[in-house]
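S.K.: Note that our numbering has the sequence shown beginning at 92, numbered continuously upward.
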Amino acid sequence: MKILICGGTLCYSHATFKADLLVVDEKIVAIGDDLKKHHSFDELIDAHRLLVFPGGIDPHTHMDLPVMGTHSSDDFETGTISALHGGTTSIIDFANQEKGGTLNDALDIWKAKASGKAISDYGFHLTITDLNERTKKEIPAIFKSGITSFKTFTAYRGSLMIDDKMMGEIMREIKALGGLVTVHAEDADTIEDKIREYKNAGLLTPKYHALSHPISAEVKAASRVMDLAYQNESGLYIVHTSAGDTLKAIQKNFDRRQRVFVETCTQYLLLDDSVYDQPGFESAKYVMSPPIRSIDDCKDLWYALRAGLVHSVATDHCPFHYKGQKDAGDGDFTKIPNGAPGVENRMELIYSEGVDKGRITLEKFVEVTSTYAARIFGMKNKGALDIGKDADIVLFDPSALHTISSSSSKQNVDYNLYEGQTVTGKVITVLRRGKVVVRNGKADQMEKGTGQFIKRDKFNFSL
Ligand SMILES: [Zn+2]
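(1) Could you tell me whether any non-hydrogen atom of ligand 1 is closer than 7 Å to the CB of residue 151?
(2) Can you tell me the Cα-Cα spacing of residue 146 and residue 109, whole angstroms?
(3) For residue 260, name the three-state secondary structure that DSSP assigns.
(4) In the DSSP output, which residue or residues are listed as bridge partners for residue 356?
(5) Taking only the alpha-carbon atoms, compute the straight-line gap between residue 303 and residue 407 and give it to the nearest angstrom.
(6) Nearest by alpha-carbon distance to residue 119: which of 198, 439, 484, 533 is it?
(7) Alpha carbon to alpha carbon, what distance is there between residue 126 and residue 558?
(8) Consult DSSP for residue 111 and reduce its assignment to one of helix, strand or coil.
(9) Cα separation between residue 549 and residue 236?
(10) CB of residue 407 to nearest heavy atom of ligand 1: below 7 Å?
(11) According to DSSP, what are the bridge partners of residue 153?
(12) Can you name the start and end residues of the beta strand (DSSP E) that residue 373 belongs to?
(13) For residue 341, count neighbouring Cβ atoms within 10 angstroms of its own Cβ and tell me buried if that reaches 16, exposed if not.
(14) Classify residue 421 as helix, strand or coil using the three-state DSSP reduction.
(15) For a minimum of 4 consecutive residues, which ranges assigned as the alpha helix (DSSP H) are wholly contained in the segment 153 to 241?
(16) Per DSSP, what kind of secondary structure is residue 550 in: helix, strand or coil?
(17) Please work out which residues of its chain come closer than 6 Å, Cβ to Cβ, to residue 464, disregarding the five sequence neighbours upstream and downstream, and give them in chain order.
(18) Let me check one thing: in DSSP terms, what residues is residue 328 bridge-paired to?
(19) Going by DSSP, name the residue or residues bridged to residue 493.
(20) From the DSSP output, read off the bridge partner residues of residue 477.
(21) From what residue to what residue does the alpha helix (DSSP H) around residue 100 run?
(22) For the alpha helix (DSSP H) that residue 137 lies in, which residues bound it at each end?
(23) Three-state secondary structure (DSSP) at residue 144?
(24) Using CA coordinates, which residue listed in 185, 230, 131, 173 is at the minimum distance from residue 211?
(25) Within its chain, find whatever has a CB closer than 6 Å to the CB of residue 257; leave out the 5 residues flanking it on each side and keep chain order.
(26) Can you check which of these residues, 204, 280, 474, is closest to residue 143 by C-alpha distance?
(27) Rounded to whole angstroms, what is the Cα-Cα separation between residue 252 and residue 159?
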């Protein structure tokens, strides 16, 4: 199948220019002026007045994740359908090792969740919760199979959290193979202490979830893990960075020339902590870890994106229905499942609030929604509209206005964090490895299970 995309503005992390683009089967094979003249094609897609982006990569999602006796409400089918509608053609989800279980068990479970269901392409970060002689031996083969990034936690004692000794050991093991360690950085002691304080005082509404996860807990854990990475000469990727003070702590490491990659998420850029002042239980919709911060933190994050201190914008997509899931914590914020939806809206929101409002350039948008994630996480066929790469392509109308609403959303969840927000710019058509999966905003060839596992390479990206 040959598809010619004609007359669009091709967008890269370093440039934008008008050109035609030819897709043959799954790959981009030609870029240039007036390709019609020299190439045959089966289908012509008119992209005049449209921007053409590389397919979005969301490096932080949780489909079908077991949490507090329930599961995140999007599985790999509904989750990737919504991702594709929003222009995200690849996700990296997390396979979590159970304490006492093996790493291969975790991967088998997550591969079974995704294969036969996913429609976007997908990879996995592997969460290590228990490194021992047995699990150590599993790592090299897992690495070779294309799982080259590993997640660690400084919080969630008893399930996900590991101590500094194990963290250092993991860094050394992964570094030796050429992989990257990622971290959820929040200090468990601080959080547990705050939770106890609020519970004892009978302060149990959702707002106290946010207050029990102070910025200082993020700064403390991020600083500690950066020190560990420095001592072990390991690279580090900090997920869902939410606050200006954390960015300042990260910046200090410039002095010692550390390789620290920083992720933030759409919600930390766009929302502020007034969301927790909503009446009743409504603010449970915003219960996530870390929580939404102040307007100044949003400003700091935008500045850091512009300045190159933040490298990727993810979503931490982990939805739970407000009715039937979140409400398990009505009366006790510690029982509210942590997480929120967002994979469908990331590209349009970051374009609208970032590029359209003049906060970031179009090139920066491409970089933080696609190119950098591909480079950092070893996805050599993704992340740019280059000849030879996968034809993951988004045609985008930069002037179309629309309003976000959960009623028209493809995400399997009964609310949207950005309900009622008007957005400038709309995903029109999406190709995933050369297949038109969204055409004029509507699902086209969305065949369940056609998403492929992304076999990732070593981490070799230098800033
Ligand atoms: Zn997460």
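The beta carbon of each residue, even a glycine, is placed where N, CA and C say it ideally should be. On a predicted model such as this, the values are computed, not experimentally measured, just so you know.
M.R.: The short version:
(1) Locating residue 151 in the sequence shown gives position 60, where the first residue counts as 1. Flag set: Cβ of residue 151 near ligand 1.
(2) In the sequence shown, residue 146 corresponds to position 55, counting from 1. In the sequence shown, residue 109 corresponds to position 18, counting from 1. Whole-angstrom Cα-Cα distance: 18 Å.
(3) As a working note, residue 260 is residue 169 in the sequence shown. In the structure shown, residue 260 sits in a helix (DSSP, three-state: H, G or I).
(4) In the sequence shown, residue 356 corresponds to position 265, counting from 1. Beta-bridge pairing links residue 356 to 405.
(5) Within the sequence shown, numbered from 1, the residue matching residue 303 stands at position 212. Within the sequence shown, numbered from 1, the residue matching residue 407 stands at position 316. Roughly 20 Å separates the two Cα atoms.
(6) Locating residue 119 in the sequence shown gives position 28, counting from the first residue. Checked all of 198, 439, 484, 533; the closest Cα to residue 119 is 484.
(7) For residue 558 there is no data in the structure shown, the boundaries of the chain being 92 and 554.
(8) As a working mapping, residue 111 is identified with position 20 in the sequence shown. In the structure shown, residue 111 sits in a strand (DSSP, three-state: E or B).
(9) Residue mapping note: residue 549 aligns to position 458 of the sequence shown, counting from 1. Residue mapping note: residue 236 aligns to position 145 of the sequence shown, counting from 1. Between residue 549 and residue 236, the C-alpha separation is close to 11 Å.
(10) By 1-based counting over the sequence shown, the position of residue 407 is 316. For ligand 1, at least one heavy atom lies less than 7 Å from the Cβ of residue 407.
(11) If you number the sequence shown from 1, residue 153 lands on position 62. Bridge partners of residue 153: none, in fact.
(12) Locating residue 373 in the sequence shown gives position 282, where the first residue counts as 1. Taken as a continuous stretch (DSSP letters only), residue 373 belongs to no beta strand (DSSP E), as it is neither H nor E.
(13) To locate residue 341, count along the sequence shown from 1; it is residue 250. Under this definition residue 341 is a buried residue.
(14) Looking up residue 421 in the sequence shown gives position 330. The answer is coil: DSSP assigns residue 421 none of H, G, I, E or B.
(15) 167 to 176, 194 to 205, 224 to 235
(16) Reading the sequence shown from its first residue, position 459 is the one you call residue 550. Residue state, collapsed to three classes: coil.
(17) As a first step, residue 464 must be located in the sequence shown, where it is residue number 373. Correct list, in chain order: 148, 150, 403.
(18) Within the sequence shown, the letter at position 237 stands for residue 328. According to DSSP, residue 328 bridges with 273, 352.
(19) Your numbering for residue 493 matches position 402 in the sequence shown. Residue 493 pairs with 514.
(20) Position 386 of the sequence shown holds residue 477. The partner list for residue 477 (beta bridge, DSSP) is empty, contrary to what the question assumes.
(21) Stepping through the sequence shown from its first residue, residue 100 is reached at position 9. Per DSSP, residue 100 belongs to no alpha helix (DSSP H); it is in the beta strand (DSSP E), 93 to 102.
(22) Translated into positions along the sequence shown, residue 137 becomes position 46. First-last for residue 137: 134 to 137, but that is the beta strand (DSSP E), not the alpha helix (DSSP H).
(23) Position 53 of the sequence shown, counting from 1, holds the residue named residue 144. DSSP places residue 144 in strand when its eight states are reduced to three.
(24) In the sequence shown, counting from the first residue as 1, residue 211 sits at position 120. Residue 173 is the option with its Cα nearest to residue 211.
(25) For the purposes of this step, residue 257 is taken as residue 166 along the sequence shown, with counting starting at 1. Same-chain partners within the cutoff: 222.
(26) The residue given as residue 143 occupies position 52 in the sequence shown. Of 204, 280, 474, the residue nearest in Cα terms is 474.
(27) Reading the sequence shown from its first residue, position 161 is the one you call residue 252. Reading the sequence shown from its first residue, position 68 is the one you call residue 159. Taking the straight line from one Cα to the other gives about 16 Å.
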